[in-house]
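K.L.:
The numbering used here applies: residue 86 is where the sequence shown begins, and numbers increase by one. Mind having a look at this structure? Questions to follow.
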Amino acid sequence: MTDTDVHKGLAGIVADRTAVSKVNPDTNSLLYRGYPVQQLAAGLSVEAVALLLWSGELPSTQELAEFEEFERSHRGLDPKVREAVDLLPADCHPMDVGRTAVSVMGANDPHAQTSDPAAELQKAKKLFAAFPAVLAYDQRRRRGQDPVAPRDDLDYAQNVLWMTFGEEAAAEVVNAFRVSMVLYAEHSFNASTFTARVVTSTLSDLHSAVTAAIGALKGPLHGGANEAVMHTFAEIGIRPGETREEAAARSREWMENALAEKRKVMGFGHRVYKRGDSRVPTMKESLDAMVEHYGRHELMGLYEGLESAMDEATGIKPNLDYPAGPTYHLMGFDTEMFTPLFIASRIMGWTAHIMEQRADNTLIRPLSEYSGPDERSL
Ligand code: SDX
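Quick look at the structure:
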């Protein structure tokens with residue numbers, strides 16, 4: 086075996102087939118079960134997208150109504166999960182809270198070790214419904230606020246905002262949040278999804294696979310980038326009331342310096358997309374709507390300055406995390422909660438892949454090229 090046979094990071098390697106989604110860098114497109122994600126984001130509820138990813142088809146009115154009823158009755162924060170979260174330091178990273186909560190849910194699920202398709206789908210639905218209460222509770226406990234009980238008269242997107250902020254969000258805020266949940270839901274064999282498939286390939290259980298995926302998503306080269314984007318904005322300095330032009334000038338200078346120092350700037354670049362992330366235009370529309378809604382044009386200035394400076398210097402384009410970060414900031418989420426929001430959405434994709442892997446499984450176990458000492462005797 087020669088060096089050329091080693092594909093570090095499995096870059097460019099096709100590891101398996103999937104029917105869940107198609108990421109096409111040539112056409113810069115993303116299909117969920119054949120449907121362009123832009124069309125789904127334009128009008129489908131998060132609940133309907135979840136059913137599409139799990140079943141492969143859009144739900145009937147009846148199927149959607151039944152799932153909505155199920156989801157609304159499984160939103161509460163399990164006292165056992167709350168107890169476990171309360172044992173964690175209030176200043177630990179919220180991704181550790183998310184990872185722990187899923188692990189506790191698995192340990193308490195009577196069907197955790199049951200892996201027939203119906204049981205797996207039921208666990209996926211329960212995880213999808215139950216996770217938002219964890220992130221809402223975690224943000225509130227860090228702020229010294231009491232938890233807010235879910236409301237079953239609100240849809241999924243409305244209820245996440247209700248549990249987190251204790252008030253009904255404006256329609257345009259709910260819509261921007263819904264769009265972000267649809268766009269974050271699924272993206273073929275990204276690092277966290279592939280992690281979930283590796284764990285599933287050993288015939289381990291769904292909660293173990295999702296817990297492992299959360300560990301992978303936490304990294305700033307992956308899901309943690311949306312949080313890192315906000316740290317970049319904070320480092321540059323967010324000055325409400327500053328003009329868009331003044332903010333853009335400051336962020337351009339910051340980017341030029343960062344690139345001169347050979348820094349990796351989170352929110353830009355992608356392993357698969359090389360001419361821009363297909364989801365960014367749609368997410369950017371939601372960011373524009375939030376900038377207008379909250380009157381925070383200086384934030385758009387920072388955004389535009391960084392993007393243009395990076396493009397001029399390297400041609401590297403933003404990925405989904407770049408517009409998502411400031412959107413969540415404007416909605417009022419604490420920066421450390423951005424990647425837990427990514428968990429809430431990617432539970433749909435992870436569980437769809439877990440079920441697909443299990444349905445046609447082969448243990449995932451690649452080779453390696455040995456570069457250690459030649460054989461020698463003690
Ligand atoms: C997500 O895979 C998915 O689908 C993931 C995701 C999903 O939905 O699941 O889309 C979500 O994770 C989006 C990506 C979020 N990550 C970040 O924003 C982190 C910053 N991005 C980079 O670390 C990087 O672009 C990666 C990791 C995303 C992809 O990197 P690659 O494909 O391994 O390419 P690379 O790092 O080798 O970069 C190629 C060149 C390098 O220059 P050289 O060292 O060869 O001179 O481009 C440069 C890099 O330095 N480069 C960057 C850069 N991204 C690439 N330079 C500065 N800042 C960046 N962000």
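Backbone N, C-alpha and C define an ideal beta-carbon position, used for all residues, glycine too. This structure is a prediction, so every number in the text was calculated from the model and none was measured.
#1: Residues in the same chain with beta-carbon distance under 8 Å from residue 432, minus the five sequence neighbours each way, listed in chain order, please.
#2: Can you give the Cα-Cα distance for residue 349 and residue 251, rounded to whole angstroms?
#3: Would you tell me roughly how many angstroms separate the C-alpha atoms of residue 452 and residue 102, rounded to the nearest one?
#4: Pick from 442, 454, 458, 447: whose alpha carbon is nearest that of residue 201?
#5: On the DSSP bridge list, what partners appear for residue 114?
#6: Residue ranges of each alpha helix (DSSP H) run of no fewer than 4 residues wholly in the stretch 145-169, ordered along the chain?
#7: The alpha helix (DSSP H) that contains residue 200, what's its start and end?
#8: For residue 121, write down the residues that DSSP places opposite it in a beta bridge.
#9: With 16 other CB atoms within 10 Å as the buried threshold, where does residue 455 fall?
#10: Check whether the Cβ atoms of residue 368 and residue 302 sit closer than 8 Å, and answer yes or no.
#11: Roughly how many whole angstroms lie between the Cα atoms of residue 391 and residue 434?
#12: So, helix, strand or coil for residue 195, using DSSP?
#13: Hey, out of 180, 170, 158, whose CA is closest to residue 241's CA?
#14: Between residue 180 and ligand 1, is there a pair consisting of the residue's CB and a ligand heavy atom that are separated by less than 7 Å?
#15: Shortest alpha-carbon distance to residue 354 belongs to which of 387, 314, 402?
#16: Any chance the CB of residue 342 is under 7 Å from a heavy atom of ligand 1?
#17: Examine ligand 1 and report whether any of its heavy atoms sits within less than 7 Å of the Cβ of residue 349.
#18: For residue 276, verify whether its CB is less than 7 Å away from any heavy atom of ligand 1.
#19: Do you know whose CA, among 114, 440, 306, 124, lies nearest residue 284's CA?
#20: Rounded to the nearest angstrom, how far is the Cβ of residue 225 from that of residue 233, given a contact under 8 Å?
#21: Find out if the Cβ-Cβ distance for the pair residue 407, residue 314 is shorter than 8 Å.
#22: Let me check you understand the geometry: is the CB of residue 98 closer than 7 Å to at least one non-hydrogen atom of ligand 1?
#23: If you measure from the CB of residue 396, is any heavy atom of ligand 1 nearer than 7 Å?
#24: Tell me whether the stretch 133-144 and the stretch 110-122 touch, counting them as touching only if at least three CB pairs, one residue from each stretch, are closer than 8 Å.
#25: Whose CA, out of 161, 318, 333, 263, lies closest to the CA of residue 467?
#26: Taking its Cβ as the centre, do 16 or more other Cβ atoms sit within 10 Å of residue 278, making it buried, or is it exposed?
#27: Going by the CB atoms, is the gap between residue 409 and residue 257 shorter than 8 Å?
#28: Straight-line CA distance for residue 179 to residue 291?
#29: What are the partner residues of residue 418, as DSSP defines its beta bridges?
#30: Cβ-heavy atom distance between residue 357 and ligand 1 below 7 Å?
#31: Hey, out of 339, 165, 133, whose CA is closest to residue 388's CA?
#32: For the candidate residues 111, 153, 113, 108, whose alpha-carbon lies nearest to that of residue 130?
#33: So does residue 307 have its beta carbon nearer than 7 Å to some heavy atom of ligand 1?
#34: Starting from the N-terminal side, write out each stretch of the alpha helix (DSSP H) that is 4 residues or longer and does not extend beyond the stretch 420-457.
#35: Name the DSSP bridge partner or partners of residue 353?
#36: With H, G and I counted as helix, E and B as strand and the rest as coil, what does DSSP make of residue 316?
P.N.:
Let me lay it out:
#1: For this step, residue 432 is matched to residue 347 along the sequence shown. 209, 212, 213, 216, 295, listed in sequence order.
#2: Position 264 of the sequence shown, counted from the start, is the residue given in the question as residue 349. Position 166 of the sequence shown, counted from the start, is the residue given in the question as residue 251. Approximately 37 Å between the Cα atoms of the pair.
#3: Within the sequence shown, residue 452 is the residue found at index 367, counting from 1. Within the sequence shown, residue 102 is the residue found at index 17, counting from 1. Answer to the nearest angstrom: the Cα atoms are 19 Å apart.
#4: In the sequence shown, residue 201 corresponds to position 116, counting from 1. Among 442, 454, 458, 447, the Cα nearest to that of residue 201 is on 442.
#5: Within the sequence shown, numbered from 1, the residue matching residue 114 stands at position 29. Bridge pairing for residue 114: 109 [DSSP].
#6: 146-157
#7: Walking along the sequence shown from the start, residue 200 turns up at place 115. Element bounds for residue 200: n/a, residue is neither H nor E.
#8: Here residue 121 corresponds to residue number 36 of the sequence shown, with the count starting at 1. Answer is 116, bridged to residue 121.
#9: On the sequence shown, residue 455 is found 370 positions in, with the first residue counted as 1. It is exposed - the Cβ of residue 455 has fewer than 16 other Cβ atoms within 10 Å.
#10: The residue given as residue 368 occupies position 283 in the sequence shown. The residue given as residue 302 occupies position 217 in the sequence shown. No, the Cβ-Cβ distance between residue 368 and residue 302 is not below 8 Å.
#11: Within the sequence shown, the letter at position 306 stands for residue 391. Within the sequence shown, the letter at position 349 stands for residue 434. Cα-Cα distance, rounded: 30 Å.
#12: Taking the sequence shown and counting its residues from 1, the one referred to as residue 195 is at position 110. Looking at residue 195 - three-state DSSP - the assignment turns out to be coil, as it is neither helix nor strand.
#13: Translated into the one-based positions of the sequence shown, residue 241 becomes position 156. For the residues 180, 170, 158, the minimum Cα distance to residue 241 belongs to 158.
#14: Within the sequence shown, numbered from 1, the residue matching residue 180 stands at position 95. Not so, every heavy atom of ligand 1 lies at least 7 Å from the Cβ.
#15: As a working mapping, residue 354 is identified with position 269 in the sequence shown. The residue with the shortest Cα to Cα distance from residue 354 is 402.
#16: The residue you call residue 342 lines up with position 257 of the sequence shown. No, Cβ of residue 342 sits at least 7 Å from all heavy atoms of ligand 1.
#17: One-based indexing of the sequence shown puts residue 349 at position 264. Flag set: Cβ of residue 349 near ligand 1.
#18: In the sequence shown, counting from the first residue as 1, residue 276 sits at position 191. Answer for residue 276: yes, Cβ within range of ligand 1.
#19: Position 199 of the sequence shown, counting from 1, holds the residue named residue 284. Per the Cα distances, 440.
#20: Translated into the one-based positions of the sequence shown, residue 225 becomes position 140. Translated into the one-based positions of the sequence shown, residue 233 becomes position 148. Right, their Cβ atoms sit about 7 Å apart.
#21: Here residue 407 refers to the residue found at position 322 when the sequence shown is read from its first residue. Here residue 314 refers to the residue found at position 229 when the sequence shown is read from its first residue. Taking 8 Å as the Cβ cut-off, residue 407 and residue 314 qualify as a contacting pair.
#22: Here the question's residue 98 lines up with position 13 in the sequence shown. No - ligand 1 has no heavy atom lying nearer than 7 Å to the Cβ of residue 98.
#23: Within the sequence shown, numbered from 1, the residue matching residue 396 stands at position 311. It does not: the Cβ of residue 396 is nowhere closer than 7 Å to a heavy atom of ligand 1.
#24: The stretch 133-144 vs the stretch 110-122: in contact.
#25: Any answer about residue 467 is impossible in this case: the structure gives the chain only from 86 up to 463.
#26: Within the sequence shown, residue 278 is the residue found at index 193, counting from 1. Classification for residue 278: buried.
#27: Position 172 of the sequence shown, counting from 1, holds the residue named residue 257. Position 324 of the sequence shown, counting from 1, holds the residue named residue 409. Cβ distance not < 8 Å, so residue 257 and residue 409 don't count as in contact.
#28: Locating residue 179 in the sequence shown gives position 94, counting from the first residue. Locating residue 291 in the sequence shown gives position 206, counting from the first residue. Near 21 Å, if we compare the C-alpha coordinates of residue 291 and residue 179.
#29: As a working mapping, residue 418 is identified with position 333 in the sequence shown. Looking at the DSSP assignment, residue 418 forms no beta bridge with any residue, so it has no partner.
#30: Position 272 of the sequence shown holds residue 357. Checking every heavy atom of ligand 1 against the Cβ of residue 357, one is found closer than 7 Å.
#31: Residue mapping note: residue 388 aligns to position 303 of the sequence shown, counting from 1. Sorting 339, 165, 133 by C-alpha distance to the C-alpha of residue 388 places 339 at the top.
#32: Numbered from its first residue, the sequence shown carries residue 130 at position 45. The shortest Cα separation from residue 130 among 111, 153, 113, 108 belongs to 153.
#33: The residue given as residue 307 occupies position 222 in the sequence shown. Checking every heavy atom of ligand 1 against the Cβ of residue 307, one is found closer than 7 Å.
#34: 423-444
#35: Translated into positions along the sequence shown, residue 353 becomes position 268. Its beta-bridge partners are 403.
#36: Here residue 316 is taken as the residue at index 231 of the sequence shown, counted from 1. It is helical.
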